[in-house]
């Protein structure tokens, strides 16, 4: 984790750690993936529907499930289910890992709403 992490991201990371997840900043995870020599972001992004790309773009900006729901006009529970399904589809252990997997193909490329 970095010192510039938002309060919300820190709370999410602590909850994840308590649930047995590993917490990495997006920058650290991205650096690790690049060091491995892989470019998984294009393959991961190709697995996503346009709606899923919208949701991941919002998640990449640090939006909570409630905020995602508000922007897309869906309930918080539906937004949470979408995020859970995305994690499963990408094989990502948490939101930060999913964002890191597809970040090069999301930021600014999809418009929510």
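Residue numbers (my numbering): 169 to 281.
Don't be surprised by glycine CBs; every beta carbon is placed ideally from N, CA and C.
Rounded to whole angstroms, what is the Cα-Cα separation between residue 181 and residue 261? Taking the first residue of the chain shown as 1, we reach residue 181 at position 13. Taking the first residue of the chain shown as 1, we reach residue 261 at position 93. Residue 181 and residue 261: Cα-Cα distance of roughly 12 Å.
Pick helix, strand or coil for residue 229, following the three-state DSSP scheme. Here residue 229 is taken as the residue at index 61 of the chain shown, counted from 1. Residue 229: coil per DSSP, three-state reduction.
DSSP on residue 185, reduced to helix/strand/coil? Against the chain shown, residue 185 aligns to sequence position 17. Helix, per DSSP.
Return the chain-ordered list of same chain residues with a C-beta closer than 7 Å to the C-beta of residue 232, the five sequence neighbours on each side being excluded. The residue labelled residue 232 in the question sits at position 64 within the chain shown. Closer than 7 Å at the Cβ level, and outside the excluded window around residue 232, lie 176.
So, for residue 250: in the same chain, excluding its five sequence neighbours on each side, which residues have a beta-carbon less than 6 Å away from its beta-carbon? In the chain shown, counting from the first residue as 1, residue 250 sits at position 82. Excluding residues within five positions, the ones whose Cβ falls inside 6 Å are 223.
Any idea if residue 310 is buried or exposed, counting beta-carbon neighbours within 10 angstroms, 16 or more meaning buried? Since the first residue shown for the chain is 169 and the last is 281, residue 310 is missing from the structure and cannot be characterised.
Which class does residue 267 belong to by DSSP, given the choice of helix, strand or coil? Your numbering for residue 267 matches position 99 in the chain shown. Residue 267: helix per DSSP, three-state reduction.
Hey, quick one: how far does the alpha helix (DSSP H) through residue 245 stretch, first residue to last? Stepping through the chain shown from its first residue, residue 245 is reached at position 77. Here the alpha helix (DSSP H) through residue 245 covers 244-258.
Per-residue DSSP class, three states only, for residue 240: Position 72 of the chain shown, counted from the start, is the residue given in the question as residue 240. Three-state result, residue 240: helix.
So residue 234 and residue 244 are supposed to be a Cβ contact under 8 Å. How far apart are they, rounded? Stepping through the chain shown from its first residue, residue 234 is reached at position 66. Stepping through the chain shown from its first residue, residue 244 is reached at position 76. Indeed, because the Cβ distance is near 5 Å, the residues count as touching under 8 Å.
Cβ neighbours of residue 189 in the same chain (closer than 7 Å, five flanking residues each side left out): Working through the chain shown from its first residue, we reach residue 189 at position 21. Contacts found: 261 and 262.
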